[in-house]
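S.K.: What follows is a structure written as structure tokens; I'll ask about it next.
Residue numbers (my numbering): 34 to 268.
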């Protein structure tokens, strides 16, 4: 039985990830939502694939909410095999452009995109240590690559993903003694609310590629920054 925990599962990549993993045999998925009023599509998947999907409330910006999730999971299983830190925000207004930056706005992006994944790993580590070939997948972005940063704007989002890459690298070293694989994974530019409809990739294509990458990971790749095709990206 493959036990998978996915944050930010109500739409976009998270929802498609739940859908594709649910189609595999011998899986149990823990999928999180922040607002049940926006989780109708996720609830439909849970109903369709019952009892293989459990829905859990989680506000990744709330430390207490993060700390409570382990108790929900422990009621169902004694270990986790895959943790996917997918939840993220990327404000689309001018608040990320120079001249419009604010302390609160910038820190909120870092709180959700960078700090929350680290705290979620910390909270769920006891279960991951009991997992089968455990893997931690931090969903990053090519926009987190410093080498590729030849454009302006999106200061909070790009910073948050570059910092997430650093966390992935450090966690890989921390958790190597427990044989836990940690990577940053770029889904590509995808047709979601965040990516927009001009993106070249569908969620199905991106997630299919990412699942293939995740399923084939080895300890030698831990600490890597990889895209959905398995290509190593420059830091």
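No residue lacks a Cβ here, since even glycine has one placed at the ideal position from N, Cα and C.
Roughly how many angstroms lie between the CA atoms of residue 209 and residue 132, to the nearest whole one?
M.R.: Between residue 209 and residue 132, the C-alpha separation is close to 42 Å.
S.K.: Using only alpha-carbon positions, find the residue among 229, 225 and 188 that is nearest to residue 237.
M.R.: When only C-alpha atoms are compared, the closest one is 225.
S.K.: Kindly list the residues whose CB is nearer than 7 Å to the CB of residue 242, restricted to its own chain and excluding five residues on each side of it in sequence; keep chain order.
M.R.: So the qualifying residues of the chain are 261 and 262.
S.K.: For residue 176 and residue 95, I'd like the C-alpha separation in whole angstroms.
M.R.: Using only the alpha carbons, I get a separation of about 25 Å.
S.K.: Mapping DSSP to helix, strand and coil, what is residue 239?
M.R.: The answer is helix: DSSP assigns residue 239 an H, G or I state.
S.K.: Would you mind sorting residue 129 into buried or exposed? The rule is 16 or more other CB atoms within 10 Å of its CB.
M.R.: Label assigned to residue 129: buried.
S.K.: Do residue 200 and residue 117 count as a contact pair if the criterion is CB distance below 8 Å?
M.R.: Not in contact: residue 117 and residue 200 (Cβ atoms no closer than 8 Å).
S.K.: How many whole angstroms separate the CB atoms of residue 239 and residue 46, which I take to be in contact at a CB cut-off of 8 Å?
M.R.: The Cβ separation is near 7 Å, so the contact holds.
S.K.: Looking only at C-alpha atoms, which of 169, 86 and 77 sits nearest to residue 244?
M.R.: Nearest C-alpha to residue 244: 169.
S.K.: Below 8 Å on the Cβ atoms is my guess for residue 142 versus residue 189; work out the distance and round it to an integer in Å.
M.R.: At roughly 4 Å, the Cβ-Cβ gap stays under 8 Å, so residue 142 and residue 189 are in contact.
S.K.: Buried or exposed: where does residue 186 fall if 16 or more other Cβ atoms within 10 Å of its Cβ makes it buried?
M.R.: So residue 186 ends up on the exposed side.
S.K.: Restricting to Cα atoms, I'd like to know which of 265, 163 and 119 is closest to residue 227.
M.R.: Answer by Cα proximity: 119.
S.K.: Spatial neighbours of residue 202 within its chain, please: C-beta separation below 7 Å, excluding the five flanking residues on both sides.
M.R.: Counting only Cβ-Cβ distances below 7 Å, and skipping sequence neighbours, we find 256.
S.K.: Suppose the cutoff is 8 Å on Cβ atoms and the five residues either side in sequence are ignored; what does the same chain contact list for residue 275 look like?
M.R.: This structure does not reach residue 275, given that the chain is present from 34 up to 268, and the question cannot be answered.
S.K.: By DSSP, does residue 48 sit in helix, in strand, or in coil?
M.R.: Three-state result, residue 48: helix.
S.K.: Quick check on residue 59: does DSSP put it in helix, strand or coil?
M.R.: Note: residue 59 maps to coil in three-state DSSP.
S.K.: Between the segment 102-114 and the segment 77-85, are three or more C-beta pairs nearer than 8 Å?
M.R.: No: fewer than three Cβ pairs fall under 8 Å.
S.K.: Distance check for residue 184 and residue 91, CA to CA, integer angstroms please.
M.R.: Going from the Cα of residue 91 to the Cα of residue 184 covers about 34 Å.
S.K.: Are the beta-carbon atoms of residue 110 and residue 36 separated by less than 8 Å?
M.R.: Yes, the Cβ-Cβ distance between residue 110 and residue 36 is below 8 Å.
S.K.: Counting only runs that start and end within the segment 93-142, where is the beta strand (DSSP E) found for 3 or more residues in a row?
M.R.: You should have 115-118.
S.K.: Less than 8 Å separating the beta-carbons of residue 106 and residue 139?
M.R.: Going by C-beta atoms, residue 106 is not nearer than 8 Å to residue 139.
S.K.: Report the three-state DSSP secondary structure of residue 83 (helix, strand or coil).
M.R.: In this structure, residue 83 counts as coil in the three-state DSSP scheme.
S.K.: Relative to the C-alpha of residue 249, which residue among 166, 212, 223 and 149 is closest?
M.R.: Nearest C-alpha to residue 249: 166.
S.K.: Going by CA-CA distance only, name the one from 48, 67 and 193 that's closest to residue 89.
M.R.: When only C-alpha atoms are compared, the closest one is 67.
S.K.: Would you call the CB atoms of residue 266 and residue 178 closer than 8 Å?
M.R.: In contact: residue 266 and residue 178 (Cβ atoms closer than 8 Å).
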